[in-house]
Amino acid sequence: MLEAGAIHYRVVPVMLRFLFKKHLTRKARVAAVHDVVDGLNSLDYEAVFRVMTPDAVLVDGNGLKLEGVDAIIDGDRAFREQADRPQILIDTLDHSGDEVLVRGHINSSMPEIDGPVMWRVYFDGLRIARVEITRPPDRMTGPLFAAQREARRAS
5 MLEAGAIHYR VVPVMLRFLF KKHLTRKARV AAVHDVVDGL NSLDYEAVFR VMTPDAVLVD
65 GNGLKLEGVD AIIDGDRAFR EQADRPQILI DTLDHSGDEV LVRGHINSSM PEIDGPVMWR
125 VYFDGLRIAR VEITRPPDRM TGPLFAAQRE ARRAS
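If you're matching positions, the sequence shown starts at 5 in this note's numbering and goes up one per residue.
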């Protein structure tokens, strides 16, 4: 019989495995966020492809979406080519359950691009499945750029 407050010797290893696994998962998710940002900034789209799910979604506050990693990469490539390669800088990463909240900013000489950005990143396992972008209303997002590009093509 256990005394009050005593922890059974078989419970401790299970608790430690859970905590260790949770730490590794967080570490891997942080690495995935850094890998996708570094890949986008350096135009290393193979790195982006490796850390995002094939059906990943990038959505902004207006509900505009890029669906699928290929569309995300295509949209980012076109955006960076036309916008003088702005750079995403991460300021903080906070964990919230299975999500990572990324606060940062985009460095650009273009005022409609330069400025703060926040991402809420969702995962499928250790791969990025969804990114929700929050920016001031007068700032460009990837999905907004793609929507404007499609509208220009259609006209």
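By construction, the Cβ of each residue, glycine as well, lies at the ideal position given by its N, Cα and C atoms.
Simplified DSSP state of residue i, which is helix, strand or coil
i       : result
Asp-98  : strand
Thr-141 : Checking the displayed sequence, the identity of residue 141 turns out to be Pro instead of Thr. Looking at Pro-141 - three-state DSSP - the assignment turns out to be coil, as it is neither helix nor strand.
Leu-47  : coil
Arg-30  : helix
Val-16  : Confidence is the limiting factor: at Val-16 the pLDDT is only 49, short of 50, which leaves the residue's position unreliable and the question unanswerable from this model.
Leu-62  : strand
Beta-carbon separation (whole angstroms), residue i vs residue j, contact threshold 8 angstroms
i       : j       : result
Thr-57  : Ile-132 : 7 angstroms
Thr-138 : Gly-65  : 5 angstroms
Leu-70  : Leu-148 : Contact doesn't hold; Cβ gap of about 10 angstroms is too wide.
Ala-150 : Ile-117 : So it is not a contact: roughly 14 angstroms between Cβ atoms.
Arg-84  : Pro-90  : 7 angstroms
Reference residue i, options the options, closest by Cα
i       : options                        : result
Glu-50  : Glu-71, Ile-77, Lys-31         : Ile-77
Gly-2   : Lys-69, Gly-67, Val-73, Lys-31 : Absent from the model: residue 2. The displayed extent of the chain is 5 to 159, so no value can be given.
Pro-120 : Ala-82, Leu-93, Arg-84         : Leu-93
Arg-134 : Arg-153, Thr-96, Val-52        : Val-52
Asp-95  : Val-41, Ala-32, Phe-83, Glu-85 : Val-41
Lys-31  : Asn-45, Ser-46, Gly-129        : Gly-129
Any C-beta of chain B under 7 angstroms from that of residue i
i       : result
Gly-108 : In the displayed structure, chain B is absent; only one protein chain is listed.
request  = Give a yes or no on contact between the region 57-67 and the region 91-111, applying the rule of three or more CB pairs nearer than 8 angstroms.
outcome  = no
ask   = How do the region 124-136 and the region 26-43 stand: do at least 3 beta-carbon pairs fall below 8 angstroms, yes or no?
value = With three or more CB-CB distances shorter than 8 angstroms, the region 124-136 counts as touching the region 26-43.
inquiry  = Assess contact between the region 107-121 and the region 140-151, defined as three or more Cβ pairs (one per stretch) separated by less than 8 angstroms. Is contact present?
reply    = yes
key: beta strand (DSSP E) runs wholly inside the region 66-139, at least 3 long, in chain order   = 69-71, 91-100, 103-111, 119-128, 131-138
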